[in-house]
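Q: Structure incoming, see below.
Residue numbers (this note's numbering): 637 to 755.
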């Protein structure tokens, strides 16, 4: 299912580094989110924007993850010619990624399955 069903997101920047915070809507969702959102998976998802490494950090007690996408903003701020030079839309883009969860969890929580996962 889409990550937006399982989490909230917020993003921004520091220089040429996009920062994406993902917080699970329920603590039970975090293991599935953590399993799917590896550094490599996020790097691949943002391959069209991210030229550097991706780092992932756990935020204990908050059921959240934080990602730093290096070299992702074309120089950042006023140095960039990108439409989103400060990374404000990066979380919204990531919330569209597909996250595998057990069908029973989705059913019990009334989560919307994607067409691909329902097939």
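The C-beta atom is built at its ideal place from N, Cα and C for all residues, glycine as well.
1) Could you say if the segment 735–742 and the segment 674–682 meet the contact criterion of at least three C-beta pairs nearer than 8 Å?
2) Report the rounded CA-to-CA distance for residue 670 versus residue 651, giving the unit in angstroms.
3) Near residue 754, what residues of its chain come up, given a Cβ to Cβ distance below 7 Å and the 5 sequence neighbours on each side ignored?
4) Could you spell out where the alpha helix (DSSP H) holding residue 677 opens and where it closes?
5) Assuming the contact rule is C-beta atoms closer than 8 Å, residue 731 and residue 653 should be a hit. Round their C-beta distance to whole Å, please.
6) So, helix, strand or coil for residue 651, using DSSP?
A: According to the structure data:
1) The segment 735–742, when compared against the segment 674–682, does not touch it at the 8 Å Cβ threshold.
2) Against the chain shown, residue 670 aligns to sequence position 34. Against the chain shown, residue 651 aligns to sequence position 15. In this structure, the alpha-carbon of residue 670 lies about 26 Å from that of residue 651.
3) In the chain shown, residue 754 corresponds to position 118, counting from 1. Residue placement at residue 754 is flagged as unreliable, the pLDDT there being 49, under the threshold of 50; a coordinate-derived value is accordingly withheld.
4) Numbered from 1 along the chain shown, position 41 holds the residue referred to as residue 677. For residue 677, the uninterrupted alpha helix (DSSP H) run begins and ends at 675–681, by DSSP.
5) Counting from 1 along the chain shown, the entry for residue 731 is found at position 95. Counting from 1 along the chain shown, the entry for residue 653 is found at position 17. About 20 Å; that fails the 8 Å criterion.
6) The residue you call residue 651 lines up with position 15 of the chain shown. Looking at residue 651 - three-state DSSP - the assignment turns out to be coil, as it is neither helix nor strand.
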